[in-house]
Structure formats: C-alpha cells, structure tokens
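Numbering (our numbering), first residue to last: 133 to 622.
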C-alpha cells in the first residue's frame, strides 16, 4: 500500500495548490541564465518540523530536454545541491555541481529538502522525539508529493529520478511503487547497486524491539560527523586558513599522523581535510589526499549538511534488507526491485560504494542496466569531486540524451502468434526494446537521424526491420514487417 498524497491543481505555471511558492526564479551566482524556484509545504502529522521543500533550477528561454528529480543523501538537502544565490559568499560551479551541469545543458532539475532540513541545528539529541515516526512511509510520501509537483509544474507525465547515496535507496524504493506511473529512468550516484541481496535475508531482524530501544534510550536521531562536528566544520568552511582551533581550543589530533614527521597543522583547512579523508576509513568519504576531492569543496559540503537524521529510517532499512515480505513495514520495497521496468544508470566509487555495497548486479526487470566503477573515488568525490564532471556528469548527460520512452498501443506477430494491446518502446544508443503483454522484442539500431521536426530510428532483428518516427518530439509511430505501434513520447 502506497503512502497517501494529495491532488493538485495548477493556477499558473509555478503556483500549485497545497504548496507555498517561496522563491520565484532567483538568480544563480555564476550562471546568469539559470533561475531557481522553491516551493514549501507542510506534511502530516503537521508538527513544527513536518515540512518539505522542492527546489527547481532551469535555464531561461529554453525548450527543456527532460526533467531530473534528485533525491539527496543522508544529511544532505536540495538547498545544498541546487541553491547558490547571487549574494552567497560561496561560488558553486558546474564542475562540482551535477544540477548546474544538467541545467546549463537544457534539463530542468528538481531536488527535495527532506524534513530534516527544517530541524534547527541548535537542538540537542534529547530533543528529537518528533523524529520517532520519521520512517519510510513518511519519506516516500514526501517524495511522491515532490514528484507530483515537478510533473505538474513542468507539464510532464514522467521524469528521471536520481539518488545520491541514501537517495539511491530512496530512488529504488520509490521506483518499486511508482516506476510505471512516474519514471522514465533511474540514476544511482554511489547509491547502491539497484538490487535485493538474497544472501542478506535471515527473516530475523526484530524491528519492533529496535524501535522500542530507540524510544527507551531517546536515540531518535543521528548526528553528522559526531557530537558538535557540524559547528566545527561550519567554522572551518567560513574561516579557511585560520589556526587549527575552535573556540580557543586546539583541535585534535594536533598533528597530522599521516605525515612522516607528524607535522603540525598549518591551518584549520588542513585539519578538516584530514578528518574527511580518514572518516569511515582512508579515502572512504573523499579521497582528498589522492587528488579526487578539493579540500575547500569537500569541507563546504560537510558544513552544509543538516545536523540530524532520523534513526528510524536506518532501523526500517535494516529490517527490509533482512526480510522477505517484512511483516513490520507497510511495504517491503526491495522485494519488488525485480519488477522495476525502466532503464537504470549507476555509478559506484571504489573506496565507498564498491567497498561497502559490493559489485553491480542486474536486479531489475528492464534489460537496460549500466554500471560504472569510479576507481580511486571516495563517496563525496562522485558528486563534487575534481573529476566528477567528466566521469559522472558528462556520461549521465549523454545517457539521458540517448534514451527515449514511447507509450501507446501496438501489435506484433511472432512464431505464429499475434499480440496486441498496450505497449512501451524503450530506445537507447544501440537498441530498440519493444514490450507488449510482458513479452519483449529487440532490434539493433542501424540508423538514426532527424529531418525537420521528425526524429527517425531504423532497427534490424530476426523479426525483420523496424522504423520509428517521433514527430514534434511527441507523436510516435513504429512500423515493421511484423510490428505496428502508435503512441507518444514520454
């Protein structure tokens, strides 16, 4: 059963019922043609911090090439990924920003601020009881609400969903419910392998006991980086080159244990870079010392994380991973990953993704599954590393540009059989994949060109030839020796 969402009606292109339009096309510091808009809404049970926001960045005066909705990782938020107002002291560039890279090339990019973004960092761990019910039902419901807004504002029926880190799990969980309704494809950016792991199933994890323990000991939230780290990193971010101390006290360790002579820190930037390099294991968070992350960029990312994250999400995730048909949750998402039938592109860092989550496995229904390993990369290097523009953003852009989804009605003859009904055609760089009545047929693309307002694909297979025409980027017709299809490009 899916979490409930409300319906919307549009008053004009940016005004959506149930949402407050809080920012109308403000500028982006380094890119005058980009504009950011923000919507905010309250969510059940409507307590003080039960809020979410959606950010959009788009290039002025363009005909959009598509829509991408980003789900941030643990402690992350769309403000961190998308916002850089003209008066901000920090300057974000497309070399380190996936959102700006895509927006500068014609995609409309959305992202969500989870409820955690509205929790004041000044609160203590003991004051986070309101997070006790912030689990997957709340998160998926919030994401659905955000996706519906994006579809409505951009006037599209389907979009691409991207997940960074935890956002990859969120993207897969969301897709397990709504792939057929909302999605054209999935992008996982060091966010898992997109599959269920049967070897992890013991059917033993006691989620009610884990939640009871969480409540009994007041362990409702997890703090980024450890006690007080949030404030130290903010200070380091805002005071680069300052002495390696905080509030008058030297920061520990006072020397760099990775240097032969245990050199003292030249400044707080050196100290913070070391902390990020050694966290979770050498180079796991960011391989700064290997040149994959710029210290200033990585410190800024850490400093702009939200301070707290709900423990319940982690507990429920552990139960879902451990069980087949978990009896303790509303919906056991990973049991349904195998049904997801949209293309998937994934990236995995060597030092985090591959180390902790293992190699890629093709665990979805769609045959179009692509995984890239990023050798030498740490986790944050995938999103904002020194090579991420060339190794992640550019390949993603090319993948997006090479993919089409057509939906309509069709018929096909094969082996003395004839099938007709609702059909979907998936097109990538090399292959035409025709799905009808749970049967699949593929053609290898032999020619592809555009003539005026019509895009044309030719394909060859054992079933003979096929010609697909997409007129005005919308109306789609496929004809072949044994196939006919008419429909629309999504």
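All C-beta atoms, glycine included, are put in the ideal place defined by N, C-alpha and C.
- The segment 236 to 249 makes contact with the segment 184 to 201: 3 or more CB pairs, one atom from each, lie closer than 8 Å.
- Residue 608 counts as buried, since at least 16 other C-beta atoms from the protein chains shown sit within 10 angstroms of its C-beta.
- Under the 10 Å beta carbon count, residue 424 is surrounded by 16 or more other beta carbons and is classified as buried.
- At the C-beta level, residue 622 and residue 289 come within 8 Å of one another.
- Contact between residue 204 and residue 296 holds, with the beta-carbon distance rounding to 6 Å and staying under 8 Å.
- Distance from the CA of residue 438 to the CA of residue 208, rounded to the nearest whole angstrom, comes to 6 Å.
- Ranked by Cα distance from residue 390, the options 379, 427, 402 and 589 are led by 402.
- The C-beta of residue 279 has 16 or more other C-beta atoms within 10 Å across all chains shown, which makes the residue buried.
- Between residue 363 and the set 314, 312, 332 and 440, the nearest pair of CA atoms involves 440.
- DSSP places residue 579 inside the beta strand (DSSP E), whose first and last residues are 571 to 583.
- Annotation for residue 225: 162 place their beta carbon closer than 6 Å to its own, counting only its chain and skipping 5 residues before and after.
- The C-alpha of residue 472 lies about 18 Å from the C-alpha of residue 201.
- By the 16-neighbour rule on beta-carbons within 10 angstroms, residue 311 is buried.
- Taking the CA atoms as reference points, residue 491 sits about 26 Å from residue 228.
- No residue range can be given for residue 262, since it is assigned to no beta strand (DSSP E) and is classified by DSSP as neither H nor E.
- Here residue 478 is actually not in contact with residue 299; their C-beta atoms are around 12 Å apart, not less than 8 Å.
- Of the residues 459, 432 and 475, the one whose Cα lies closest to the Cα of residue 220 is 432.
- Note that the segment 439 to 455 touches the segment 260 to 269; at least 3 beta-carbon pairs, one per stretch, sit closer than 8 Å.
- Put simply, of 521, 318 and 554 the residue whose alpha carbon is nearest the alpha carbon of residue 617 is 554.
- Between residue 452 and residue 398, the alpha-carbon positions lie close to 46 Å from each other.
- Residue pairing for residue 556: DSSP places it in a beta bridge opposite 539 and 567.
- Taking all protein chains in view, the Cβ of residue 517 is crowded by 16 or more other Cβ atoms within 10 Å, so the residue is classified as buried.
- In the pairwise beta carbon analysis, the segment 530 to 541 is classified as not touching the segment 482 to 491: fewer than three pairs are separated by under 8 Å.
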